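Peer 1:
Below is the structure:
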């Protein structure tokens, strides 16, 4: 979820309310737009606001956030009107872009007065939109220019990586597009988006001057906006037409909120079947109309509303109302509300405007019977037996690493579920047995009083090609005892009483296992089937984990016991 | 009338034998009694005015490990000087050290001492040592030899010269010097009289029992004996019973609550397809939560199988691309089935709800919950874990609405969190609309975010073939547990601190 930094004074100016540093009040108000105060830098006057709604990019700038809130605070009603005048700016799109970055939208904003703070806020909005809504510039990216320095019409075309060159923003010398990808910080960051193509997107004016190399970098000559610029050109390029158009609206409306006047541009697409529209006038500020059934809204919220009540609530939510009758409300959804994709989204706005805390909760007593998972009873019994045997239950992470699972247990690596993008070197695989978790636990408690006896009954994940997920999870049980006199007979006695109490016939047969001392370990068999092992832990393992006391352990596939019990139960019925 | 018991009689007899006066250690050896028994007997005898107990502070001198080496091999400076003499009275420091088998570090110390004790002359230019005559054995060396023979000494008994050597060797860490109180018992006149049989009023009491044995019980001989009194206030060894893990215990409690509220438990695997974790929950395939910072992808097997849900996949695809028959516009992108099959470690328990909704056995009405281990590629710190548990679930019924949803949340807040007050806020999840955040207020703790919930979007339910509203909810159980257990660091949930687990109260 995006977090934006807003200048509190600018925000208060746009909103028309002064909070006088009362962040609790601001936080309360922000709840209407699913946002909260994360931090407040009093010295700089900057508030960090977390916006939970990843689908409301209209709130990701100081202008949009103020706009979104004003209606809920009864300072404004319904959607804000944005007018657009026609301009003569034309943009021609080259057909070679269709497989690369096919779409562009442009707008012109005139007579705007930018302060340093406004420019900084604008850059912040641009960055949030590029990063999150534009998916790190993959889907869409924004460029803003001083209009007076350009000569329209513009051409959105392609350039050859090693031949086409210009001076990128922040540099002094001309560089080829290939060089920019290699040397410019933005080229290094976003180069992967275009690198796979033979030619790269280029936006130039009628005199061949470069505006930008989308989505990488603007030119040093034209792509810089200062306080002196009063007429701006906004350009958005991208791979999804609707995203491009939405992004253009979001930036342009923010600029209009700052006092600018918006003008359209005409985009001419090539005569290629790829493009369904040949001529697109951008931006399009028209509203979407949604027919909302009064019955549907009342049903979802659980309160009986009239059409008129819903109409009023919609205005509070910043949506428009065209017509109201007993059965339906015709709703006007402003262009910047890109989150509305279903009538349900409008219903939620009605509920928020009504106030969740004004709805009296209702517990619907349904005739359902509760059950815990079938194996839980047996799992609990097993845990109680272990606790009764004097073993402390522990809880471990299931994420671990091959060194813990195998190397330090004196084992060769076995198949195990591995993570492709681990975050920590200690958490790269999912455990396929429990004993390493317990030994690791003991290793962390060498200065704690002995004897130490711990157990865990928990999940292991095993690769299994027969399953849809390529894995199966099983409940396993492991126990260890470590102290100066720990030995095989102690752990065998524990295992014996465990199985006796569960009514499970078992036997142990000598078997080799590199984690255990040869001749002091065996495999545990139930119904002739191997379900685990028990023995004295090999000193090689103890050394690897820096354990200083003899240690005896067992590990049992408890899933087999669960299945055995289930089958017995079924046979009895 | 004085009644004495066996130990006391033995002490008196021993004192008589040892010239009427003896130290505790001597008596322990003589009577074969432990320290505590001698002292107990001494106190009783003193109470009856039969003996006097004196305390005397003694300074005990003992060799350290290093001191033992010096005592056996000679002090380094002695070894060095001997080596020079062996080499004809004049040689280089290096040659002498080699002869004396002193390593570089000791050679330097040895040289320093030969200079201080004026045992040899040293020419720093040529690094040559000259020894005129073998030096006399010093007091420090005498003390070492004496200690070596006797192990420990009472400083007070040493000659004046040797006392000076004590200080020097203590500084050289060859010996330790400790003050110890030595206790002596001395017979009083009455005591002497008692031994001679002159005191008629002394009788021998019954034998004392320290440990009651089966033999004593079976033979009944305990009847003629007396039980030694214990100091029941003395400290005893720690006892650590086995206990359930406090967090798992808490989850058991939550499970029982949910079962009693009519919820059935769902289970599933840690490895899940992106389809059930994301797609079926209307999370677009390019959503930030699906980037490598948002979810763990599986390396050894990239994709899983969803072919048995082909019809559902088809409907989900349509919902994502253009809304399909859900009444939605959809996300407006080209859906990839390959992406849907990608295997991940589940990032939330909601994938279990999606699978449950697809189940043939799904009833209306019904209520489900799960307690699932979930995984996120987070940097682990005070407030984030890479792996944690989520308690989530659904309620399925005709005409469920937001009011019912708030009812479910209030019930949880009261029954599970024991909240005094609750508060709702608008929330956001890609798969629910409307969405609600639940905050619970508890005296002493304040407001805590306790849950997130919502009604599944039509883009979720319709492709899964569900015709009725579904309430989805999740509870912040980790925070609730931390609050109850008084923890401030979320990592403590998976704490490896055995001492904490042993001492953690269960009530």
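Residue numbers (my numbering), protein chains in the order written: chain A, 1 to 573; chain B, 574 to 1080. For every residue, glycine included, the Cβ atom is placed at its ideal position computed from N, Cα and C. Source: prediction; values computed, not measured.
Residue 58 of chain A CB to nearest chain B CB: under 9 Å?
Peer 2: Reading the first chain from its first residue, position 58 is the one you call residue 58 of chain A. Answer no: the Cβ-Cβ gap between residue 58 of chain A and chain B never drops below 9 Å.
Peer 1: Which bits of chain A does residue 985 of chain B rub up against, with CB to CB less than 7 Å?
Peer 2: The residue you call residue 985 of chain B lines up with position 412 of the second chain. Ordered by position in chain A, no residue passes the 7 Å Cβ test against residue 985 of chain B, which lies about 10 Å from the chain.
Peer 1: Using a Cβ-Cβ cut-off of less than 8 Å, list which residues of the stretch 259-286 of chain A approach chain B; keep chain order.
Peer 2: none
Peer 1: Taking CB distances under 9 Å as the criterion, tell me whether residue 455 of chain A reaches chain E.
Peer 2: Here chain E cannot be found, since the structure's protein chains are A and B.
Peer 1: Could one say the Cβ of residue 813 of chain B lies closer than 9 Å to chain A's Cβ atoms, at least one of them?
Peer 2: Taking the first residue of the second chain as 1, we reach residue 813 of chain B at position 240. By this cut-off, residue 813 of chain B is an interface position.
Peer 1: What residues match up with residue 502 of chain A in a beta bridge as DSSP calls it?
Peer 2: Taking the first residue of the first chain as 1, we reach residue 502 of chain A at position 502. BP columns for residue 502 of chain A are empty, so no partner.
Peer 1: Terminal residues of the continuous beta strand (DSSP E) containing residue 107 of chain A?
Peer 2: In the first chain, the residue the question calls residue 107 of chain A occupies position 107. 103-110 is the span of the beta strand (DSSP E), which, as asked, contains residue 107 of chain A.
Peer 1: Between residue 417 of chain A and chain B, is any beta-carbon pair separated by less than 9 Å?
Peer 2: In the first chain, the residue the question calls residue 417 of chain A occupies position 417. Residue 417 of chain A counts as touching chain B.
Peer 1: Spatial neighbours of residue 347 of chain A within its chain, please: CB distance less than 6 Å, with the 5 preceding and 5 following residues excluded, ordered by chain position.
Peer 2: Numbered from its first residue, the first chain carries residue 347 of chain A at position 347. Once the five neighbours on either side are set aside, the close Cβ partners of residue 347 of chain A are 297 and 300.
Peer 1: Considering only the alpha carbon of each residue, which of A/121, A/275 and A/135 lies closest to residue 98 of chain A?
Peer 2: As a position in the first chain, residue 98 of chain A is number 98, starting the count at 1. Of the candidates A/121, A/275 and A/135, the one whose C-alpha sits nearest the C-alpha of residue 98 of chain A is A/275.
Peer 1: Indicate, with yes or no, if the ligand GDP has a heavy atom lying under 8 Å from the CB of residue 518 of chain A.
Peer 2: By its list of ligands, the structure shown contains no ligand whatsoever, and the ligand GDP lies outside what it can speak to.
Peer 1: What residues match up with residue 884 of chain B in a beta bridge as DSSP calls it?
Peer 2: Reading the second chain from its first residue, position 311 is the one you call residue 884 of chain B. DSSP lists no partner for residue 884 of chain B.
Peer 1: With burial defined as no fewer than 16 other Cβ atoms inside 10 Å of the residue's Cβ, what is the status of residue 100 of chain A: buried or exposed?
Peer 2: Translated into the one-based positions of the first chain, residue 100 of chain A becomes position 100. With 16 or more other Cβ atoms within 10 Å, it is buried.
Peer 1: Return the residue from the list B/1013, B/730 and B/982 that minimises the CA-CA distance to residue 1047 of chain B.
Peer 2: Numbered from 1 along the second chain, position 474 holds the residue referred to as residue 1047 of chain B. Measuring from the Cα of residue 1047 of chain B, the nearest candidate turns out to be B/982.
Peer 1: Check each candidate in A/350, A/18, A/559 and A/385 and name the one with the smallest Cα separation from residue 501 of chain A.
Peer 2: Position 501 of the first chain, counted from the start, is the residue given in the question as residue 501 of chain A. For residue 501 of chain A, the nearest C-alpha among the options comes from A/385.
Peer 1: Should residue 53 of chain A be flagged as near chain B, meaning a C-beta pair shorter than 9 Å?
Peer 2: As a first step, residue 53 of chain A is located in the first chain; it is residue number 53 there, counting from the start. At a cut-off of 9 Å between beta-carbon atoms, residue 53 of chain A makes contact with chain B.
Peer 1: Taking residue 34 of chain A as the query, report the chain B residues whose CB atoms sit under 7 Å from its CB, ordered along the chain.
Peer 2: For the purposes of this step, residue 34 of chain A is taken as the residue at position 34 of the first chain. Near residue 34 of chain A (Cβ distances below 7 Å), the residues of chain B are 999, 1000 and 1001.
Peer 1: Closest to residue 219 of chain A by CA distance: which of A/146, A/192 and A/263 is it?
Peer 2: Residue numbering aside, residue 219 of chain A sits at position 219 when the first chain is read from its first letter. Minimum Cα distance to residue 219 of chain A is reached at A/146.
Peer 1: Once DSSP output is grouped into helix, strand and coil, what is the label at residue 904 of chain B?
Peer 2: In the second chain, counting from the first residue as 1, residue 904 of chain B sits at position 331. Three-state result, residue 904 of chain B: coil.
Peer 1: Give me whichever residues DSSP pairs with residue 627 of chain B in a beta bridge.
Peer 2: Here residue 627 of chain B corresponds to residue number 54 of the second chain, with the count starting at 1. Looking at the DSSP assignment, residue 627 of chain B forms a beta bridge with B/757.
Peer 1: Are the Cβ atoms of residue 542 of chain A and residue 550 of chain A separated by less than 9 Å?
Peer 2: The residue labelled residue 542 of chain A in the question sits at position 542 within the first chain. The residue labelled residue 550 of chain A in the question sits at position 550 within the first chain. Cβ distance < 9 Å, so residue 542 of chain A and residue 550 of chain A count as in contact.
Peer 1: Which residues of chain A have a Cβ atom closer than 8 Å to the Cβ of residue 1067 of chain B, listed in chain order?
Peer 2: Position 494 of the second chain holds residue 1067 of chain B. Neighbours of residue 1067 of chain B on chain A, chain order: 395, 396 and 397.
Peer 1: Within a Cβ cutoff of 6 Å, which residues of the same chain sit near residue 143 of chain A, ignoring the five residues on either side of it in sequence?
Peer 2: As a first step, residue 143 of chain A must be located in the first chain, where it is residue number 143. Within the same chain, residue 143 of chain A has close Cβ partners 212, 218 and 235.
Peer 1: In three-state terms, what does DSSP make of residue 593 of chain B?
Peer 2: Stepping through the second chain from its first residue, residue 593 of chain B is reached at position 20. Looking at residue 593 of chain B - three-state DSSP - the assignment turns out to be coil, as it is neither helix nor strand.
Peer 1: Please classify residue 934 of chain B: is it buried, with 16 or more other beta-carbons within 10 angstroms of its beta-carbon, or exposed?
Peer 2: For the purposes of this step, residue 934 of chain B is taken as residue 361 along the second chain, with counting starting at 1. Exposed, because fewer than 16 other Cβ atoms sit within 10 Å of the Cβ of residue 934 of chain B.
Peer 1: Are residue 177 of chain A and residue 159 of chain A touching if we call contact CB-CB under 9 Å?
Peer 2: Start at 1 with the first residue of the first chain, and residue 177 of chain A comes out as number 177. Start at 1 with the first residue of the first chain, and residue 159 of chain A comes out as number 159. Yes, Cβ-Cβ distance for residue 177 of chain A and residue 159 of chain A is below 9 Å.
Peer 1: With residue 879 of chain B and residue 843 of chain B assumed to form a contact (beta carbons below 8 Å), what rounded beta-carbon distance in angstroms separates them?
Peer 2: For the purposes of this step, residue 879 of chain B is identified with residue 306 of the second chain, where counting begins at 1. For the purposes of this step, residue 843 of chain B is identified with residue 270 of the second chain, where counting begins at 1. Residue 879 of chain B to residue 843 of chain B, Cβ: 17 Å. No contact.
Peer 1: Quick one: does residue 132 of chain A have its CB under 9 Å from some CB of chain B?
Peer 2: On the first chain, position 132 is the one that residue 132 of chain A refers to. It does; some Cβ of chain B falls within 9 Å.
Peer 1: Anything in chain A within Cβ reach of residue 953 of chain B, meaning under 9 Å, just list it in chain order.
Peer 2: On the second chain, residue 953 of chain B is found 380 positions in, with the first residue counted as 1. Correct list: 423, 424 and 427.
Peer 1: According to DSSP, is residue 363 of chain A part of a helix, a strand, or is it coil?
Peer 2: Within the first chain, residue 363 of chain A is the residue found at index 363, counting from 1. DSSP places residue 363 of chain A in coil when its eight states are reduced to three.
Peer 1: Check the Cβ-Cβ distances between residue 498 of chain A and every residue of chain B, and say whether any is below 9 Å.
Peer 2: On the first chain, residue 498 of chain A is found 498 positions in, with the first residue counted as 1. With 9 Å as the cut-off, residue 498 of chain A does not count as an interface residue toward chain B.
Peer 1: Contact between the stretch 664-675 of chain B and the stretch 777-792 of chain B is defined here as three or more beta-carbon pairs at a separation below 8 Å; is this criterion met?
Peer 2: Look at the beta carbons and you see the stretch 664-675 of chain B not touching the stretch 777-792 of chain B: under three pairs across the two are nearer than 8 Å.
Peer 1: Would you mind sorting residue 812 of chain B into buried or exposed? The rule is 16 or more other CB atoms within 10 Å of its CB.
Peer 2: One-based indexing of the second chain puts residue 812 of chain B at position 239. Classification for residue 812 of chain B: exposed.
Peer 1: For the stretch 826-850 of chain B, list every residue whose C-beta sits within 7 Å of some C-beta in chain A, in sequence order.
Peer 2: 828, 831, 832, 833, 834, 835, 836, 837, 838, 840, 842, 843, 844, 845 and 846
Peer 1: Can you name the start and end residues of the beta strand (DSSP E) that residue 1090 of chain B belongs to?
Peer 2: Lying before the first or after the last residue shown, residue 1090 of chain B is absent from chain B, which here runs from 574 to 1080.
Peer 1: Ignoring anything shorter than 4 residues, give me the alpha helix (DSSP H) runs that lie fully in the stretch 891-970 of chain B, in order along the chain.
Peer 2: 910-914 and 923-931
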